[in-house]
Structures are given as C-alpha cells and as structure tokens.
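Residue numbers (our numbering), protein chains in the order written: chain A, 1 to 307; chain B, 1001 to 1307. From the three backbone atoms N, C-alpha and C, an ideal C-beta is built for every residue, glycine too. Note sheet for the following structure.
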C-alpha cells in the first residue's frame, strides 16, 4: 500500500507546475511540450518481475519495454522513444546487456519506438532494468484514469488471470487498440490492468470519484486462469481473473451508448466485453446475474508501485 | 570498456530514426519534438555511486538527480522534467523512498524541474535509483561532443580531482553556466566531466575526430585532489585531477579567439581555464611549459557507462 500513500505524500511536497498537464498518479504524466508529451517510467527487477535463473534474458528485456508501452497505451499516446538504464550483475554483464536489448528491439520496431539512449551499470546486486518511455498525445487527446462518470459502462479488452503462465512476458501492449478506440469512439477513461482487474478498477473509480459494480459472470476468464485454478488452493479461475494482475489489457469507461456501439462493432482483434458499470456511491461491488451484490475486495498486487 | 563497444554494437543493431537528431553516444539524446527535446538517463547504485550504510539517503537522492542535470548542462539544455524509478530494499522502503525524494526536491526547485512521476519497487537487492531527465534545446541550439575542431582551445570550468571527499555528492550541475556560455559565446563542443578529465577529453576528441594536447600545468587542481595526494600511494594531485572523475565540471571546445574572450571576461561564478588544444592528428598528449609532450593515458573510471 505504499503506492497511494506515497503519491499523496509526494503531492504535498511538490509545488504545482504549469508544465505538468497530468502529474504523478496516472499511468503516465503529460508535459506541455508540443501537442502533449507523455512520459512514463517503470522498472522491472530480478526476483520480482522475472527470475533470471530460469528465463531467457531477452524475455526480461522485452517485458521491461512492454510494460512501459502498456502505460503509453493506457494514455492513448503514440510511442516516440525510450531510454533504458540497467544495473547488471558483474559476471557476464556485457552479454546480458546485449541480450536485454535484443529482447527489446523487435517490440521497439513493431511499435516504431526510437531507442534514444541509456546507461549501463555493473554492480554486486541483481539485475534491475529501468525504462522510460516517451509518447505524444494525438489529436484525440490523452485518456486519463479520472474521466469515468456514474452510469458509464466498464469495458475491457481480452481476458484475465493466470498471466504468470506466460502472458506477463509475452503480452502485446495495447497501443494500436487504444489509439483506435480513442480515435473512433468516445472513451471517458482508460487504465492498463497491471495490478489486477479488481484493483485497477478501484484505481480508476477512485480517481474518478465513483464507485463500481463488477458483473462477475461477464468477466472474460483466460484459459491460463482456469489452468491455474486446477492446482491453486482455494482460488477459483475467477479469483485469478480478478486478482492476478499483469494482464496488461485495457480497462475503459464509456457511456452506455458508446459501449453498446463498440461491443456491436467489435472493431479490434482483441475481443471487447462489458463487465460492469460505474456508480455514484463510493465502494466496489461484485454482482451476479440474479442481482445480488457483495463487496469486491480490490485484491491483486501492487508490486509495480507506480508513483 | 563496455561503454564504447556497447554503443558500437547498439548502433549496428538499430535502424536510423529520423526523430533522433542526436542518438545514443552523446551526453543525452535530442528528439525532434518542439525546438528539440533532450533526454538523458543515469542510474546510481548502492556500493558503486554511494554507500548507503554510511551516507544520508538524501545525498544519494540528490546525486541521482544531479548527475542527470549535469548531462542536460552538457547539452546546454533548459531542464524541463524528471521521472524517477527506484529499486528499494524491503526493510524501511517507504522511509527510504521519501528520503530520496527529500534529497531531490531542493535541487529540482533550484533548477525549475517538474517532477513528472516515477515507479517504486521493493526487492531483496540493494538500492538502485534511475532518473530520466528531460530538457529543451534553447534558441542557441544543443551542444554536442562532436563539434571540436583542430586548433580549438580546451576550456574547463572549476577544478578537478578528489571528488570522493565530497564533491561527487555536493556538486552543482553546471546548467546555468552552460546556458550562459551557449547564449553569449560560440561554443563548439561540450561534455560534462564524469569519468575524469583525461578520459572525457578523449571522448570529446574521439567524437570530434581530433586528437588533443593537455597543458598539464594549466589544469586547475582541486584542494581535495591535493588533500588526497598526501595519503594516496603513487598518485600526485595532478593524477587525481586527471583521473578521479565525478567533478561534473564542463569541458568545452572553443576557437582560440572565443576562448581568449571568455577567459578575459570570466563571466561565471566558476573560474574558467584554458587547459590545452585540439589537434588534427589522433592521439592524446600531456605537455609541459618547456614544450615536452608525453602520451596522456585516458585513465579514469567508466563506471557510469553511458550508452
């Protein structure tokens, strides 16, 4: 829970700055440069976000870049450039640095991201990879977390849960999807699901001064969540879908009419689903088709701890 | 020596990108946004750039920001914003994160830098702090490493050596000095001295396809270098001045006429000195006032390892 506390503390310590259209606390900041310069930073570390002793370092490198592109997607920003700084274990540092970059290059090329520089450090600690991604606001504006209104539909891309089985490495940042939706539909708010569907929904609702009701039977459950549930103790596939995190899907707020339109259109390769609605009263609820509601625990992990 | 090898390898792996006015290899990159967006990233780590068990974490935080501002200075960029990502040891992580920011805030305010966001991570490793600084090119353009010409004077701010005694924490990034010089004099090339005077001079000369001659009797030796030399075995104060690094002074290339003008003016709070000249032939030399030259070893450490 350091995250929200830390943001609150930080905001109290910093003066307002006219150059910051969007400051700390959203998926990325927006600076008053050009049409709007979007900047986000995310660090991934050995032992938390990957385990170097049992993964190809190229996958760790790819993930470090992909999680940052996912934050640009959540703002509906057009990717521009990245810089990368790494703390490398001394042994095999040069080979590791190259493998990390090799893992990043295909993704950077796919999304037309310029590699603007970086900093390589060797030390006695484990591998840490920090990426800062820069993007530009399009003519359709940036999507914030804070724009949801009571009555808005909760719309998601893709499916949820069980990302630990592979998707947390191999996910596609939803850049194209976010740009397309923002250009062709009225989207009120957007966040990428990194901490878990329930938790990131609570983040958006809180930022928008709303509550939220999740229609749990409508939540698209990933095959990986069902697979995990077979062996996990006391957790259903739905529990995994709500709490696992690192799905890196988009969670959107749209008016009921716009949601109906986009669901009828299904314009993306990824399926879109309506999974609930925002409400005026604070609080988070899980609802079944018989109309019964129970409190929704915003479980999921905050290890990413974005400021 | 990973640095130059890595840059060379990286350049071979990356396609040219029209948005990169200046790509990896200078003090910072310049992106084609607005008048020119300058971006640089530098990570500092426990056990290499500071020792947390014997320094106030606020000094570590300040240093993480200051080294990045020094890279903006080296480009003569106007600071705009920073983002910060940290890997925090689990024990006392929240307090440590706040102390790091507390150390950054006065410097950020002094140089009018917006704090645009960040990412806090906890892990079982030591403290690593990655800062990305953004700045804007002024109407006078960006200063690169590569603009020195044979015959140009080598001009430096301040004095050199012994930064380990305190300056590596407490230095003032030469932002104001770089902006002033760039606005009022014709500066051909600029670098900040992080790896050591001899080594960074070799970086600039190599980037400019020149050689260089250092008039070693003209090198301003810091009191701290003399203090260190009293106890260091086999290293003179001059050796410290040439090799210690982390002085974060500016090293500039100027025509002999411009150098004479700025030295006569001495327009800065920091003293300016002429310490040698660039030459057409590759190679690095140390020259004494009797006219004798010896090879100059580009000693100094590359632990910063900028890409």
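Could you tell me which chain A residues have their CB closer than 8 Å to the CB of residue i, listed as they occur along the chain?
i                       : result
residue 1013 of chain B : 101, 102, 105
residue 1019 of chain B : 80, 81, 114
residue 1006 of chain B : 94, 97, 98, 120
Near residue i, which residues of its chain fall below 7 Å by C-beta distance, leaving aside the five closest residues on each side in sequence?
i                       : result
residue 307 of chain A  : Residue confidence for residue 307 of chain A is low, a pLDDT of 42 falling below 50, so the modelled location carries little weight; the figure read from the coordinates is stated next. Only 6, 7, 10, 24 meet the Cβ criterion.
residue 1020 of chain B : 1029, 1031
residue 1159 of chain B : 1220, 1221, 1222
residue 1191 of chain B : 1027, 1074, 1145, 1200, 1203, 1204, 1251
residue 175 of chain A  : 69, 72, 73, 79, 111
residue 279 of chain A  : 150, 210, 211, 212, 213
residue 1266 of chain B : 1272
residue 98 of chain A   : none
residue 229 of chain A  : 235, 236, 237, 240
Return the bridge partner residues of residue i from the DSSP annotation.
i                       : result
residue 254 of chain A  : A/153
residue 1276 of chain B : B/1154, B/1214
residue 40 of chain A   : A/133
residue 1293 of chain B : B/1287
residue 236 of chain A  : Answer is none; residue 236 of chain A lacks a bridge partner.
residue 1046 of chain B : B/1050
List the residues of chain A that residue i touches, going by C-beta distances under 9 Å, in chain order.
i                       : result
residue 1200 of chain B : Within chain A, no residue comes near residue 1200 of chain B; the closest Cβ sits about 16 Å away, beyond 9 Å.
Output, in chain order, the set of chain B residues within a Cβ distance shorter than 7 Å of residue i.
i                      : result
residue 34 of chain A  : 1033, 1034
residue 169 of chain A : Within 7 Å Cβ-Cβ: nothing; residue 169 of chain A doesn't reach chain B, min ~18 Å.
residue 126 of chain A : 1125
residue 141 of chain A : In chain order: nothing, as chain B lies at least about 17 Å away.
residue 87 of chain A  : 1043, 1045, 1128
residue 308 of chain A : A question about residue 308 of chain A goes unanswered here, because the residues of chain A that appear run from 1 up to 307.
By the 10 Å Cβ neighbour count, where 16 or more other Cβ atoms means buried, how is residue i classified, buried or exposed?
i                       : result
residue 1260 of chain B : exposed
residue 245 of chain A  : buried
residue 81 of chain A   : buried
residue 1120 of chain B : buried
residue 1211 of chain B : buried
residue 385 of chain A  : Because chain A here runs from 1 to 307, residue 385 of chain A falls outside it and cannot be looked at.
residue 126 of chain A  : buried
residue 109 of chain A  : exposed
residue 243 of chain A  : buried
residue 55 of chain A   : exposed
residue 1157 of chain B : buried
residue 1326 of chain B : Given a span of 1001 to 1307 for chain B in the structure shown, any question on residue 1326 of chain B remains unanswerable.
residue 1291 of chain B : exposed
residue 1264 of chain B : exposed
residue 1231 of chain B : exposed
residue 184 of chain A  : exposed
residue 1092 of chain B : exposed
residue 1288 of chain B : exposed
residue 269 of chain A  : exposed
residue 1256 of chain B : exposed
Chain B partners of residue i, CB-CB under 8 Å?
i                      : result
residue 83 of chain A  : 1029, 1039, 1040, 1041, 1132
residue 248 of chain A : Ordered by position in chain B, no residue passes the 8 Å Cβ test against residue 248 of chain A, which lies about 15 Å from the chain.
residue 9 of chain A   : 1098
Could you name the residues of chain B that residue i contacts, counting a contact when the two beta carbons are closer than 9 Å?
i                      : result
residue 144 of chain A : What residue 144 of chain A touches in chain B: nothing, since even the nearest Cβ is about 13 Å away.
residue 23 of chain A  : 1114, 1115, 1116, 1117
Run down chain A in chain order and give the residues with a C-beta less than 7 Å from the C-beta of residue i.
i                       : result
residue 1073 of chain B : Result: empty, since nearest Cβ-Cβ is about 16 Å, beyond 7 Å.
Near residue i, what residues of its chain come up, given a Cβ to Cβ distance below 6 Å and the 5 sequence neighbours on each side ignored?
i                       : result
residue 1235 of chain B : none
residue 1286 of chain B : 1214, 1216, 1294, 1296
residue 138 of chain A  : 78
residue 1102 of chain B : 1058
residue 1186 of chain B : 1258
residue 1247 of chain B : 1160, 1163, 1193
residue 22 of chain A   : 29, 30
residue 309 of chain A  : This structure cannot settle anything about residue 309 of chain A, because the visible part of chain A is limited to 1 through 307.
Give me, in chain order, the residues of the same chain whose beta-carbon lies closer than 8 Å to that of residue i; leave out the 5 immediate sequence neighbours on both sides.
i                       : result
residue 136 of chain A  : 34, 35, 36, 37, 38, 77, 78, 80
residue 1123 of chain B : 1087, 1088, 1089, 1090
residue 1166 of chain B : 1224
residue 46 of chain A   : 52, 60, 126, 127, 128
Where are the alpha helix (DSSP H) runs, 4 residues long or more, that stay fully inside the region 106-174 of chain A, in chain order?
-> Counting only runs of 4 or more residues that sit fully inside the region 106-174 of chain A, the alpha helix (DSSP H) segments are 167-170, in chain order.
Please list the segments of the alpha helix (DSSP H) lying wholly inside the region 2-35 of chain A, counting only runs of 4 or more residues, in order along the chain.
-> Segments of the alpha helix (DSSP H) lying fully in the region 2-35 of chain A: 2-13.
Mind pulling the alpha helix (DSSP H) runs of 4 or more residues that sit fully within the region 181-219 of chain A?
-> Runs of the alpha helix (DSSP H) inside the region 181-219 of chain A: 197-207.
3-residue-minimum beta strand (DSSP E) runs that sit fully inside the region 1066-1099 of chain B, ordered along the chain = For the region 1066-1099 of chain B, the full-length beta strand (DSSP E) segments reaching 3 residues or more read 1077-1089 along the chain.
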